[in-house]
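> These protein sequence lines are chains A and B, in that order.
Residues 199 to 537 (the working numbering) are what the first sequence spells out, left to right.
Residues 199 to 537 (the working numbering) are what the second sequence spells out, left to right.
Protein chains: 2
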Amino acid sequence: MSLINKQWHLVSRPGGAPSADNFRLVEAAVPALQDGQVLVRHHFMSVDPYMRGRMSEGKSYAAPQPLNEVMQGRTVGEVVASKSAAFAVGDAVVGMGGWQQYQVVDAAQRGALQQIDTTHVPMSAYLGAVGMPGVTAWIGLNTIIEPKAGETVVVSAASGAVGGVVGQLAKARGCRAVGIAGGPEKCRLVVDEFGFDACIDYRAHADTRALAAALKEACPGGIDGNFENVGGTVLDAVMLNMNPFSRIAMCGMIAGYNGEPIPLAAPQLILLNRMKVQGFIVSEHPQHWPAALQELGSLVAGGRLKYRETIAEGIESAPAAFIGMLAGRNVGKQLVKLV
Amino acid sequence: MSLINKQWHLVSRPGGAPSADNFRLVEAAVPALQDGQVLVRHHFMSVDPYMRGRMSEGKSYAAPQPLNEVMQGRTVGEVVASKSAAFAVGDAVVGMGGWQQYQVVDAAQRGALQQIDTTHVPMSAYLGAVGMPGVTAWIGLNTIIEPKAGETVVVSAASGAVGGVVGQLAKARGCRAVGIAGGPEKCRLVVDEFGFDACIDYRAHADTRALAAALKEACPGGIDGNFENVGGTVLDAVMLNMNPFSRIAMCGMIAGYNGEPIPLAAPQLILLNRMKVQGFIVSEHPQHWPAALQELGSLVAGGRLKYRETIAEGIESAPAAFIGMLAGRNVGKQLVKLV
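Written as C-alpha cells, this is what we have:
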C-alpha cells in the first residue's frame, strides 16, 4: 500500500503548559497487514486532560508518553482492511489508536479493539458519554460517592465530558446536582441542557470565600458527594460546604496539571466531617465497565443522557485542540475529526 | 453528706493555646443520692487532645464544652455509695465523670458507667490502651487502614496513648510499623518498649523534605497505611511516601488544634496514588467497641500490649497536665491521679 499516515509525535516535554512545539507532525507509510491484523481508519481521536500528566516524566500512575512516538489516546473508526476473522471491513471500532489517521492492530490483543454499535449511538459518543469519560463518571459516582436519593452531589468541570455525565447520573438517582463551570455559557448548558439543578460560574467569584458562599446558596442542605475534576481553590470552596459523612471522588486536578501548587487549605475538615476522600483511575476498575457502558449506551440511545462536543477538524488541529481543552476553551467533549 | 467535690470549670474559651486562666477550680458539695443513683470516687481522670476542639465554639463534631460547667472527660474510679441494684460499693467503674473528684450517676442511664475488671488490667489502663484511645487505634487501623501482612504502617504521635497501640496492633498483624514522635526519648520508647521497627524524631528534621527522606529510609517499600494524629508538615512528609492504593486514617490533627493553618501541600497525590483518606471518630462506631476492648484487654493482661503513662498528681494539676499534653510534654497516656 502507499497509504500515508499522518501522526503526531511528542518530541519534547513541557515545563509548564504544553505548547505546539512539544509536538511534531510526521508522515509514515502504513505497513502491510500481517495475518491476524486489522487496519483501522480513525474517524475521531480524543484529547483528554489525563494526557498532560503522561507528557511529564515525573511519578505518575501510568508510564510516561515516550518521546518521538505517536501520542497515545483513544480513537473511533472503521475497519478498512482485515486479515482477522474477528473483524470485517466496515466494522465500527473503538481502540487506543493514538493521534494518527490510521492504526494497524493485532486483533487478538485483548481489549485493543472493540466493535461498537453506531445505529443508536453516534460513533463519536464512544469517546465521550459512552466511552472512557462516561465510565469515569459512572465509577466515581457509584463506587465512591454512592449517592442516596435526596442527597446533593457537586461536580466541577460540569460542562466537560465527565462532569456532565456525573450530574445527569446523580439526577437519575434522585439527587440534587450542582455544577461548577467556567463562564456563563457553560453554566447555561449545564442547567438548561444537562438538567442540573444549578451551576456556579467560578470565574464570577473572586476568591474561595465568595465561591463557598455561592455553593452554600446552591446547596442549602450542604454537599454529600463531590466529584472533583479541578482541585485548588475550587476544591477548597467545596470543602467548606461538605456535610458530615460526605464523600469526595478524586478524578482530576486540572488546576495543577502544569505544576502549579494546589494545596488543600483545610484538610482538618476531612476529620471534622468524617469524610472519605478517594482517588481512582477508570482503567483500574475493568469489572465495572460492562455495566457502566450498558447503562450509558441505553441512556444516550434513549435521549436521556445529553452531551456536548467540541470538534476540531483535521489531524493537523490536534495539538491546538489539546492545548485549548487544557485551558478550558472547549465545551463538552473535545474531539478531533479526522474523516 | 458533707463531702466536698473539687471540680474544674471552663470559664473562658482560648484564642490559641489554652492557658491556666481558662479554667477555675470550684468546690461543690456532693448532693445526696437519689434512688437509682450511684456515687463514684474518681481515681484517675483523663486529659485528651480532643478536648481542645470542644473548648472552642466553632463548628465541630461534638457540642462545645459549656462555659462555667465541669470539664467533660473520661474517668475511672470506685463506687463509694449506691442506691442502685446495678452497682455495689467497691465496684470499679469507667465513666464520663469529668474533671472532678466525685460524680453522682443515674445507674440506669445507658453507657454512663461500666464495671471493669481490675484483677488482670490496672484501673488506669481503662483510660488508655483498654479504653477510648486503644479503641481509637483499633478502629482506625482495622476499619480504614485494613492492613495486610507485609505492608508498612506509619503512625504519628507514636509514643502517645493512641499511636503506641496502632503500631503494636500493626506488628501483631504482620506489618512493618514505623512511628513518628518528638524527641529521642519518645523514639527510644517506641522502638525499645513498644517494639516498632523504627521511629523517626521529627524534631531532628528541618523541613518536609528532610522528614520525607528519613521516612523513605525507614520505609524502603513505601507506606501502605498511615494513622494520622498530627497533620501539617508531618503529614506532608508521609504523603510523599505513600504507595499506590494506600490508606490514611485521619484521627487527629494536633498541629492545627490552636487554629494554626495546616494546609495539605500536595492533595494531588491522593489521585496519583489512588489513595483513600478517611476521617473517623471513635464514638461513632459503637458496634466495634466490644471486639476492640476484648482484644485490647487480653493483650494488656497477657503483657503483649505495652503502654506508658504520664501521671500528674492531684485534681489541682489537671489544667497543667492538659496544657502540657497538648505541647507534647507527656510520654504515653496523660492521666491525672486523684486518689
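Every residue, glycine too, gets a C-beta built ideally from N, C-alpha and C.
Since the model is a prediction, treat every value here as computed from it, not as a measurement.
Would you check if the distance between the CB atom of residue 298/A and the CB atom of residue 203/A is smaller than 8 angstroms?
Yes. Within cutoff.
> Quick one, which residues of the segment 444-475 of chain B are near chain A if we go by CB-CB under 8 angstroms, in chain order?
The segment 444-475 of chain B vs chain A, Cβ under 8 angstroms: 448, 449, 450, 451, 454, 459, 460, 461, 462, 463, 464, 465, 466, 468, 469, 470, 471, 472, 473, 474 and 475.
> Give the residues of chain A in contact with residue 337/B, contact being defined as C-beta atoms less than 7 angstroms apart.
The premise fails here: residue 337/B is roughly 12 angstroms from chain A at the closest Cβ pair, so nothing lies under 7 angstroms.
> Is there contact here, the segment 447-460 of chain B with the segment 425-432 of chain B, by at least three beta-carbon pairs under 8 angstroms?
As far as the Cβ criterion goes, the segment 447-460 of chain B touches the segment 425-432 of chain B, which means the pair count is three or higher.
> Identify the contact partners of residue 482/B in chain A, using a Cβ-Cβ distance below 8 angstroms as the criterion.
Per Cβ cutoff of 8 angstroms: 472.
> Would residue 334/A be called buried (16 or more neighbouring beta carbons within 10 Å of its own) or exposed?
So residue 334/A counts as buried.
> Would you list, in sequence order, the uninterrupted alpha helix (DSSP H) runs of no fewer than 4 residues that lie entirely inside the segment 429-486 of chain A?
Taking only runs of at least 4 residues, the alpha helix (DSSP H) segments lying wholly in the segment 429-486 of chain A are 431-437 and 466-470.
> How long is the line joining the alpha carbons of residue 307/A and residue 405/B, rounded to whole angstroms?
Their Cα atoms are separated by approximately 49 angstroms.
> Comparing C-alpha positions only, which one of 223/A, 467/A and 338/A sits nearest to residue 450/B?
The shortest C-alpha separation from residue 450/B is found at 467/A.
> How would you call residue 317/A, buried or exposed, if buried means at least 16 neighbouring beta carbons within 10 angstroms?
Counting Cβ neighbours within 10 Å, residue 317/A comes out exposed, since fewer than 16 surround it.
> Does the beta-carbon distance from residue 243/A to residue 216/A come in below 8 angstroms?
Their beta carbons are not under 8 angstroms apart, which means residue 243/A does not touch residue 216/A by this criterion.
> I want to see whether chain A comes within less than 8 angstroms of residue 477/B, judged by CB atoms only; does it?
Taking Cβ atoms only, chain A reaches closer than 8 angstroms to residue 477/B, which makes this a yes.
> Between the beta-carbon of residue 534/A and the beta-carbon of residue 499/A, is there less than 8 angstroms?
No, they are not a contact pair.
> Should residue 342/A and residue 478/A be called a contact, given that it needs their Cβ atoms to be closer than 8 angstroms?
Closer than 8 angstroms, so yes.
> Using a Cβ-Cβ distance cut-off of 8 angstroms, determine whether residue 271/A contacts chain B.
Judged by the 8 angstroms Cβ criterion, residue 271/A is not in contact with chain B.
> Against chain B, does residue 429/A count as a neighbour if the rule is that its beta carbon must be under 8 angstroms from one of theirs?
Closer than 8 angstroms: yes.
> For residue 519/A, which residues from the same chain have a beta carbon less than 7 angstroms from its beta carbon, with the 5 sequence-adjacent residues on both sides left out?
So the qualifying residues of the chain are 245, 510, 532 and 534.
> In whole angstroms, give me the CA-to-CA distance for residue 452/B and residue 378/B.
Answer to the nearest angstrom: the Cα atoms are 14 angstroms apart.
> What does DSSP give as the partner residue(s) for residue 241/B in the beta ladder?
According to DSSP, which records beta bridges pairwise, residue 241/B is partnered with nothing at all.
> Using the rule of at least 16 other Cβ atoms within 10 Å of the residue's Cβ for burial, across every protein chain shown, is residue 309/A buried or exposed?
Result: exposed.
> Report the option in 488/B, 398/B, 262/B and 311/B whose CA atom is closest to the CA atom of residue 238/B.
Residue 238/B has its Cα closest to that of 311/B, out of 488/B, 398/B, 262/B and 311/B.
> Roughly how many angstroms separate the alpha carbons of residue 465/B and residue 473/A, rounded to a whole number?
Distance between the alpha carbons of residue 465/B and residue 473/A is about 15 angstroms.
> Just list the residues that DSSP pairs residue 206/A with in beta bridges.
The partner list for residue 206/A (beta bridge, DSSP) reads 223/A.
> Taking 8 angstroms as the CB-CB limit, is residue 482/A close to chain D?
The question asks about chain D, but that chain is absent: this structure's protein chains are A and B.
> Does the beta-carbon of residue 265/B have 16 or more other beta-carbons within 10 angstroms, so that it is buried, or is it exposed?
Classification of residue 265/B: exposed, given that the 10 Å Cβ count is below 16.
> Count the other C-beta atoms from every protein chain shown that fall within 10 angstroms of the C-beta of residue 315/A, then say buried if there are 16 or more, exposed otherwise.
Exposed, because fewer than 16 other Cβ atoms sit within 10 Å of the Cβ of residue 315/A.
> Which residues share a DSSP beta bridge with residue 424/A?
In DSSP, residue 424/A forms a bridge with 352/A and 446/A.
> DSSP three-state label for residue 304/A, please.
Strand, per DSSP.
> Judging by CA-CA distance, which residue of 416/A, 232/A, 508/A and 211/A is the nearest neighbour of residue 303/A?
It is 232/A.
> So which of 364/B, 536/B and 357/B has the shortest CA-CA distance to residue 398/B?
Comparing Cα positions, the closest option is 357/B.
> For residue 399/A, which of helix, strand or coil comes out of DSSP?
Correct three-state label for residue 399/A: strand.
> Which same chain residues end up closer than 6 angstroms to residue 483/B when comparing Cβ atoms and leaving out the 5 residues on each side of it in sequence?
Cβ neighbours of residue 483/B beyond the five flanking positions: 337.
> Rounded to the nearest angstrom, what separates residue 270/A and residue 437/B at their Cα positions?
Whole-angstrom Cα-Cα distance: 29 angstroms.
> Using a Cβ-Cβ cutoff of less than 7 angstroms, which residues in the same chain neighbour residue 229/B once the five nearest sequence positions on both sides are dropped?
Excluding residues within five positions, the ones whose Cβ falls inside 7 angstroms are 302.
> Is residue 390/B buried or exposed, if buried means 16 or more other CB atoms sit within 10 Å of its CB?
Result: exposed.
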